[in-house]
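Numbering (this note's numbering), first residue to last: 62 to 408.
For each residue, glycine too, the CB sits at the ideal point set by N, CA and C.
These figures come from a predicted structure and were not determined experimentally.
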Ligand code: PEP
Ligand code: MN
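Structure representation (structure tokens):
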């Protein structure tokens, strides 16, 4: 249920309704919009009449049931776009962010070189996996804590906040200590123990779509983290598995406008993992902008032919540069602005 307050309702009025909701044994979740406040009611024993009676209190305009399974992630709960602020860099609203870097942190030199390149051409976040979810146990598994230390050094040197994957709940505190954003990969999207634990983390989560998850299941995964107390979530479409074999996955661009209708959370697109071949990354990045994405995440490697993972889909420095140039008119046409590192605060 959501309680919609009247346009001019004061903070005191909102506070009074919140207390009333809590007295009834529910949790109240206030969303202060530009026009009016909305209070989401969750948990507690489902006693609809008790909540419906709230409609009779002063300053309450209406009480509306939410039919969707996800609540905190829904647009109804939070009609305005959520804008997540990471060290002064905003994701969501009319901001467009570029996250770039290699698939894996392979060595100090490789990562620092990558950071320098992606920064030079306009990325504002550095990505790189230290814990890698590889299909084969014999493939490179990542540098683990050493990889995190290298990422932290790159952030120190180049000032780019970092995004890295968390796979195992037991590593959460370690990864959270080093990174600015914790990435949940496609393979872990329905690891509910991990999602519950991430609810207590005070850092944003980049939640990638699973290769077999529907949009509703994906939003339910976001709901798990949000219900645990962490509402800073960025969704990342990275392709789903279909019958097509010419591309690694099939980029589901329809997910972008559909998500924009269903949720207030920012949505970015990862064309690299979606298509799996560097030649097609740039056109899909442009299509993602046109579909309304709030950013992209792309793999860039100084020498893709030497990469320990995903070299075939990684952009060479000059190709990344070209893509960034070509993206600009699309971003303007979509009514967005490219976020630049100048906006970064030292907080
Ligand atoms: C990655 O970002 O390197 C990655 C493993 O992505 P995904 O989980 O989408 O496959
Ligand atoms: Mn990868």
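Residue list for ligand 2: 164 and 371 (CB closer than 5 Å to any heavy atom, chain order).
At least one heavy atom of ligand 1 falls within 7 Å of the beta-carbon of residue 331. Between residue 187 and residue 213, the CB-CB gap reaches or exceeds 8 Å.
Contact between residue 162 and residue 143 is ruled out by a C-beta separation of about 24 Å, above the 8 Å threshold. Sixteen is the threshold: when 16 or more other Cβ atoms of the shown chains lie within 10 Å of the Cβ of residue 160, as they do, the residue is buried. For residue 179, the secondary structure class from DSSP, reduced to helix, strand or coil, is helix. In this structure, residue 332 lies near residue 345, with their beta-carbon atoms less than 8 Å apart. In the DSSP assignment, residue 186 is bridged to 160. Taking the Cβ of residue 247 as the reference point, at least one heavy atom of ligand 1 falls within a distance shorter than 7 Å.
Under the three-state reduction of DSSP output, residue 389 falls in the helix class.
The Cβ atoms of residue 380 and residue 334 lie no closer than 8 Å to each other. Taken in chain order, the unbroken stretches of beta strand (DSSP E) that lie wholly in the region 334-360 and span 3 residues or more are 356-360. Shown here for residue 222: same chain residues with a beta carbon closer than 6 Å to its own, the five before and five after excluded, namely 147, 148, 186 and 241 in chain order.
Assigned with DSSP and collapsed to three states, residue 110 falls in helix. Residue 297 and residue 243 have their C-alpha atoms some 12 Å from each other. DSSP, read as helix, strand or coil, puts residue 101 in strand. Residue side-chain check: residue 334 places its Cβ nearer than 7 Å to a non-hydrogen atom of ligand 1.
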